[in-house]
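Residue numbers (my numbering), protein chains in the order written: chain A, 1 to 322; chain B, 323 to 827.
Down below is the structure, laid out as structure tokens.
This is the structure:
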């Protein structure tokens, strides 16, 4: 195989990892606060739809982003209302959000635009487009480092860089701020937080809002940056892969990023292998490669990562004794 | 030492109902500043509810609270903290994977960023350590600390928040005797430095050992307050249950017969592969109670698990009526006449979400008495449960009630009734009265002695030395996985205590 391909695989690894990173960080906030968030997928889809619609109507990707975030936060609050205020089952609430997202986006898309659930294609100005770093084009042909700079470091949209900033930012919030300390505490022992005179409910709501914002970025990335419009079910299970990455990373920000990059890499590798033959084996059906992320998920979650200790109070609504 | 005239706490007419349950009735209580005030009562007497009201967890339906002579409304824990009240809960309110320091500052971080607060807290912990002898490594992770130290962190948390009044809810339930003594020394120091301490307990010995004043609660009412020096264990016990109680079990001499359980060179390892029971041999005969004394964690639990078929022994033999049974599972052992009252009723004895009648047959549900083919005969189960409720005075007498809604003592009676009513030849009992009130303790003790007198073999494991001494006919002392000696029940507490600490044999 031609060796230059590694660089382009890495480039598309970055592109494919971004929605995973945003979404897994979103899950990190809610789950560390003790609220299971299986509705990440649905939130991503809802915000992808909202962002595409808003960007199409206004012609501004930023308003698209704002709409994506707003809708995703609203859905998060619905999840919060069911799971925190009314102490409903968090898994059921999340599954409901996923179904709602899949159905409602397609129906609304069809009703408003009559394009089979799609939104109309976005013009380049209504999208987040690639930012080309200084000298990127000049360095493109000057050896491996130049190519790496041009294809992997440079040439992504603003949300990509935002995702990589969100990783250290999340770490800082969780481990260096009062909010983060309380958030981690409430996911382990809400009683300790309550007896310290802090509202468990308000704290968990704030955590779900953080998740809403991050999911909003993920959804917007899908429809307004990576593609030029919304397509039915375009999140395609990424919310669940992000959830797997979150567990794989044991609910820690930097490992979350690495896990997402790994999943992104497998995805990029599968795309790259399409129609190519493997030395000694010949052509392999592309489905084999496409299945890799899911196989990896199963293998990892089956215990190859050691003991993944979830936040202790995860999934349990907080009720004062009696 | 001399209490100042303004009381630290005055409760006036506190009243609280939970639905039909009247948890606190018109409570009046005055606690002198700089004293240790005990509040004693059976499980369900309303002690914890009263303290939760004082700490802002619940709101009283009526009544008022004065702290240091000032009317104070405590609508949440934050208000209690600012009024100078700190609480050490029965179940620690600690985040287990946090460090000591993180737990201490939670809620009083001193700013939106942690940096400065952490530095300040580190210095404050040093000061508290110097003032009160509360040593603990601020960077240790809670779950790696023994319970005694975890409790110390709870005390530090309260002091760090500036608590002048410290409430401790059943603080010794999880402690070894040595840890409990240490705690009492710390409480003494705190009082001498002017702190006011409220100690909630149902252990009379602790009240006598440490308090200055004691108030007794019974069925939601405050029935009496006494100076500790002017009262006796007998008087307090009577006030608690409302009638005279026997603190000693009345029993005749034992008449041991044939060997029922025989343990030979038994070695048991725990889940981590650590040897917890090391080459232990002993016999239990029909018609005797053999008590195993020891500080929790010296292999008693693993020994019980091996005998009752929950854990496979690493080597050695277990014989019931001469038949080797090592490695048999619990169902086969039960068929051979083994009854088991497990150490932890919540973990092993009961399914708390089941209704009483279901727990009442649990483990014996395959018995043809309770079933028709593959189906359970619910009427038979319930009739059986009703009979046990009647015989064991389980309250409330409702076999359809969820087991979680019974008090600790009554839950334990459900387990005791289930196991004893099967009329086992060998009864293995772990911590039969842990977290159980005096009335139920007395009842359970009498049932165990009745088993002995009916020529059953009883093996009793308990960390309560009083219980071991009053029930056993022979006492084996366990330390670090070995049986370090056999004593008679009239052996002094001190001698046994030294053996339990591994100092004397």
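C-beta: ideal position from N, C-alpha, C; glycine also.
Buried versus exposed, by CB contacts within 10 Å (16 or more), residue i
| i | result |
| --- | --- |
| residue 322/B | Coverage of chain B is limited to positions 323 through 827, which leaves residue 322/B absent and any answer about it impossible. |
| residue 793/B | buried |
| residue 395/B | exposed |
| residue 2/A | Here the model assigns residue 2/A a pLDDT of 47, short of 50, so the residue's position is not dependable, and the following value carries that caveat. Residue 2/A should be labelled exposed. |
| residue 283/A | exposed |
| residue 327/B | exposed |
| residue 112/A | exposed |
| residue 320/A | exposed |
| residue 288/A | exposed |
| residue 79/A | buried |
| residue 274/A | exposed |
| residue 11/A | buried |
Under 8 Å between C-beta atoms of residue i and residue j
| i | j | result |
| --- | --- | --- |
| residue 630/B | residue 803/B | no |
| residue 522/B | residue 373/B | yes |
| residue 216/A | residue 47/A | yes |
| residue 167/A | residue 25/A | yes |
| residue 505/B | residue 493/B | yes |
| residue 7/A | residue 94/A | no |
| residue 331/A | residue 477/B | Any property of residue 331/A remains undetermined from this structure, which presents chain A solely from 1 to 322. |
| residue 318/A | residue 132/A | no |
| residue 787/B | residue 750/B | no |
| residue 190/A | residue 34/A | yes |
| residue 430/B | residue 483/B | yes |
| residue 830/B | residue 672/B | A query on residue 830/B cannot be resolved here, the shown segment of chain B reaching from 323 to 827 and no further. |
| residue 562/B | residue 538/B | yes |
| residue 458/B | residue 475/B | yes |
| residue 260/A | residue 270/A | no |
| residue 179/A | residue 5/A | no |
Cβ-based neighbour list, residue i, same chain, cut-off 6 Å, excluding 5 preceding and 5 following
| i | result |
| --- | --- |
| residue 722/B | 677 |
| residue 795/B | 576, 610 and 611 |
| residue 15/A | none |
| residue 731/B | 365, 758, 759 and 762 |
| residue 740/B | 682 |
| residue 791/B | 811 |
| residue 294/A | none |
| residue 98/A | 39, 41 and 42 |
Residue from the options whose Cα sits closest to the Cα of residue i
| i | options | result |
| --- | --- | --- |
| residue 262/A | 308/A, 17/A and 6/A | 17/A |
| residue 138/A | 130/A, 131/A and 150/A | 150/A |
| residue 265/A | 285/A, 290/A and 27/A | 290/A |
| residue 352/B | 341/B, 504/B, 335/B and 433/B | 335/B |
| residue 162/A | 299/A, 218/A, 250/A and 146/A | 218/A |
| residue 453/B | 514/B, 702/B, 467/B and 471/B | 514/B |
| residue 524/B | 441/B, 560/B and 348/B | 560/B |
| residue 49/A | 84/A, 258/A and 110/A | 110/A |
| residue 495/B | 473/B, 512/B and 603/B | 473/B |
| residue 499/B | 777/B, 348/B, 615/B and 418/B | 615/B |
| residue 446/B | 426/B, 785/B and 465/B | 426/B |
| residue 638/B | 600/B, 350/B, 706/B and 623/B | 600/B |
Neighbourhood of residue i by C-beta distance below 7 Å, restricted to the same chain and skipping five residues each side
| i | result |
| --- | --- |
| residue 61/A | 55, 126, 127, 128 and 224 |
| residue 377/B | 399, 402, 407, 409 and 489 |
| residue 30/A | 37, 207, 208 and 211 |
| residue 541/B | 367 |
| residue 347/B | 337, 542 and 543 |
| residue 662/B | 630, 741 and 750 |
| residue 405/B | 389, 394 and 396 |
Sequence-distant residues of the same chain with beta carbon closer than 8 Å to residue i, five excluded per side
| i | result |
| --- | --- |
| residue 73/A | 209, 212, 213 and 216 |
| residue 806/B | 799, 800, 821, 824 and 827 |
| residue 468/B | 501 |
| residue 444/B | 423 and 460 |
| said: Under 9 Å, CB to CB, which of the residues in the segment 412 to 439 of chain B have a partner in chain A? | reply: 413, 414, 415, 416, 417, 418, 419, 420, 424, 425, 427, 428, 429, 430, 431, 432, 433, 434, 435, 436, 437 and 439
| At a Cβ cut of 9 Å, what residues of the segment 399 to 411 of chain B count as close to chain A, listed as they run along the chain? | 399, 400, 401, 402, 403, 404, 409 and 411
| the segment 351 to 385 of chain B: which residues have C-beta closer than 7 Å to a C-beta of chain A, in chain order? | 379
| said: Short of 8 Å Cβ to Cβ, which residues in the segment 186 to 205 of chain A face chain B? | reply: 188, 189, 191, 192, 193, 194, 195, 196, 197 and 198
| said: If the cut-off is 9 Å on Cβ atoms, which residues from the segment 159 to 179 of chain A count as contacting chain B, listed in chain order? | reply: 175, 176, 177, 178 and 179
| said: Short of 7 Å Cβ to Cβ, which residues in the segment 235 to 269 of chain A face chain B? | reply: none
| request: Name, going along the chain, the residues of the segment 102 to 119 of chain A whose beta-carbon falls closer than 8 Å to a beta-carbon of chain B. | output: none
| request: With 7 Å as the C-beta to C-beta threshold (strictly closer), list the residues of the segment 21 to 34 of chain A near chain B in chain order. | output: none
| field | Selection of the segment 57 to 81 of chain A by Cβ proximity to chain B, strictly under 8 Å | value | none
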